[in-house]
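Taken in sequence, the protein lines are chains A and B. Reminder that position 75 of the first sequence reads as 75 in full-length UniProt numbering, one-by-one numbering, no gaps. Reminder that position 125 of the second sequence reads as 125 in full-length UniProt numbering, one-by-one numbering, no gaps. Report on the structure given below.
There are 2 protein chains.
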Amino acid sequence: MARPRKFEEERAVEAAMRAFWADGYEATSTQALCEATGLGRSSIYNTFRSKHDLFKKALTRYMDVKTANIIEVLADGSRPVRERLRTVLGWAAEPGADDPAGCLVVNAMVELAPRDAVTAERLGKDQARRLDALVAAIEEGVRAGEIEPGRDARALAHYVISTVSGMRVAARGGADRRTLTSIADTAMQAI
Amino acid sequence: MARPRKFEEERAVEAAMRAFWADGYEATSTQALCEATGLGRSSIYNTFRSKHDLFKKALTRYMDVKTANIIEVLADGSRPVRERLRTVLGWAAEPGADDPAGCLVVNAMVELAPRDAVTAERLGKDQARRLDALVAAIEEGVRAGEIEPGRDARALAHYVISTVSGMRVAARGGADRRTLTSIADTAMQAI
DNA sequence: CCTATTTTGGACTGATCAATACAATAGGAG
DNA sequence: CTCCTATTGTATTGATCAGTCCAAAATAGG
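Laid out in structure tokens, this is it:
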């Protein structure tokens with residue numbers, strides 16, 4: 001056919017994702033994306049149409065991975081529901097070894113949601129997925145007698161998402177693991 | 001002496017503050033700041049040395065006002081402590097009529113804290129003030145028997161701050177008042 | 001009125017932005 | 001080997017960025 005690609009698209013998206021995650025959308029220049037991915041400008045613009053499109057791919061990748069993890073642990077019928085919820089909160093307290101501080105979804109919601117309708121909609125769709133998984137788990141917890149009957153599962157689910165967001169903001173501000181863990185522990189008492 | 005100023009510095013800082021609050025630091029151009037404040041470039045650079053300095057003033061103003069409110073309500077000995085805490089959470093659920101969505105402190109922590117040490121330090125100082133006010137109120141609540149004895153006041157204070165941050169992120173993402181109120185209500189159950 | 005001094009408007013600066021143009025390159029298909 | 005085509009590196013685009021310059025304007029003090 002023709003000259004083959006020298007790079008893997010997935011690796012490039014992963015690298016771009018981490019750059020956006022660390023510095024935010026506006027503060028990440030296309031030059032920085034070239035350096036982060038190791039690609040030239042042509043390869044980036046040839047593969048992804050624009051900085052914004054690359055960001056969309058990066059955000060999508062982030063959401064797919066993280067949300068899949070959440071859905072998986074929340075659906076794990078072999079563990080008590082409260083333990084599953086505590087695991088989700090725990091992830092927000094113990095960040096990956098060399099991950100940037102905070103959470104790309106929270107960062108994007110703060111920086112872009114109010115002025116980028118496309119991104120806002122994608123964030124909304126992702127949040128709906130996490131919300132559904134939480135509601136299902138919480139309702140299971142109610143049936144199992146782990147969670148007080150009569151509690152509004154949807155309200156609790158929103159509460160869990162909000163708590164994780166708050167912890168991500170705190171982490172972004174430099175909060176240490178102990179502080180984050182104490183927040184997670186406290187938050188569990190409302191459930 | 002000389003030609004007098006035609007504008008009030010406070011009004012300009014207020015206008016700039018709202019611009020940064022709505023769009024973020026990077027996405028707010030100096031041109032946009034001119035339009036928001038109604039000043040010319042010369043006046044802005046003559047009065048505030050740079051975009052970054054103007055942002056610092058705007059952020060300081062925001063923190064001073066908001067934190068003063070929080071400290072005031074938390075120190076109001078005429079009301080039950082839990083009511084005072086609920087009021088603070090309530091502010092995060094019912095935003096000002098024509099305020100931008102979310103919270104400038106949360107936005108700055110997300111966008112700037114990891115890469116702007118000066119801003120990070122100022123945010124840290126402000127958070128310490130809010131933390132102290134919360135700790136004092138919570139300890140008062142414990143003494144008054146409103147809050148279970150033996151609970152870690154500092155951990156609870158961090159939890160309240162994190163909850164407010166989470167709600168601000170949700171608001172930034174477009175959450176409605178009902179959802180935010182339900183989060184505040186749920187959060188109170190951990191206290 | 002006149003001068004000293006500050007503010008103001010608007011043109012301008014070099015740097016950097018996202019994005020494009022294009023020729024050189026590389027490799028599979030024939 | 002040769003051609004076709006996609007990829008790549010580099011130079012370049014026009015726009016916009018934050019910030020500066022300077023002359024005109026304005027006013028309080030003398």
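C-beta atoms are modelled at their ideal positions from N, C-alpha and C, and glycine is treated no differently.
Residues near residue i in its chain [Cβ-Cβ closer than 7 Å; skip 5 each side]
| i | result |
| --- | --- |
| B:Leu123 | Val105, Ala108, Met109 and Ala113 |
| B:Ala187 | Leu89 and Thr163 |
| A:Leu156 | Ile138 and Ile191 |
C-alpha gap between residue i and residue j, whole angstroms
| i | j | result |
| --- | --- | --- |
| A:Ile44 | B:Gly173 | 29 Å |
| B:Leu85 | B:Arg18 | 26 Å |
| B:Ala137 | A:Ala117 | 41 Å |
| A:Gln127 | A:Arg168 | 15 Å |
| A:Leu74 | B:Thr181 | 25 Å |
| A:Ala22 | B:Ala32 | 26 Å |
| A:Ala58 | A:Glu9 | 11 Å |
| A:Val65 | A:Asn46 | 25 Å |
| B:Arg151 | B:Gly141 | 11 Å |
| A:Ile71 | B:Val13 | 45 Å |
| B:Tyr25 | A:Glu111 | 9 Å |
| B:Glu146 | B:Arg79 | 12 Å |
Cβ-Cβ separation, residue j to residue i (assumed contact under 8 Å), whole Å
| i | j | result |
| --- | --- | --- |
| B:Ala92 | B:Ala175 | Not confirmed; about 11 Å, so no contact. |
| A:Ala101 | A:Ala171 | 5 Å |
| A:Gln189 | B:Ala190 | 4 Å |
| B:Arg177 | B:Glu94 | 6 Å |
Under the three-state DSSP convention, the category residue i falls into
| i | result |
| --- | --- |
| B:Glu156 | The residue you asked about is not Glu; residue 156 of chain B is Leu in the sequence shown. Three-state result, B:Leu156: helix. |
| A:Leu104 | helix |
| A:Pro114 | helix |
| A:Phe48 | coil |
| residue 195 of chain A | Given a span of 1 to 191 for chain A in the structure shown, any question on residue 195 of chain A remains unanswerable. |
| A:Gly77 | coil |
| A:Ile183 | helix |
| B:Ala144 | coil |
| A:Asp99 | coil |
| B:Arg5 | coil |
| B:Gly166 | helix |
| B:Gly150 | coil |
| A:Asp176 | coil |
| A:Gly124 | helix |
| A:Ala27 | coil |
Start-to-end residues for the alpha helix (DSSP H) that takes in residue i
| i | result |
| --- | --- |
| A:Glu9 | Glu9 to Asp23 |
| A:Ile191 | Counting along the chain, A:Ile191 falls outside any alpha helix (DSSP H), and DSSP gives it neither H nor E. |
| B:Arg86 | Val81 to Ala93 |
| B:Glu35 | Thr30 to Thr37 |
Contacts around residue i, its chain only, beta-carbon distance under 8 Å, and the 5 residues preceding and following it disregarded
| i | result |
| --- | --- |
| B:Cys34 | Gly40, Arg41 and Ile44 |
| B:Thr30 | Arg41, Ile44 and Lys51 |
| A:Val179 | The sequence given here has Thr at residue 179 of chain A, not Val. Ala170. |
Chain-order list of residues whose beta-carbon lies under 6 Å from that of residue i (same chain, five-residue window excluded)
| i | result |
| --- | --- |
| B:Leu54 | Ala16 and Phe48 |
| A:Ala120 | Ala113 |
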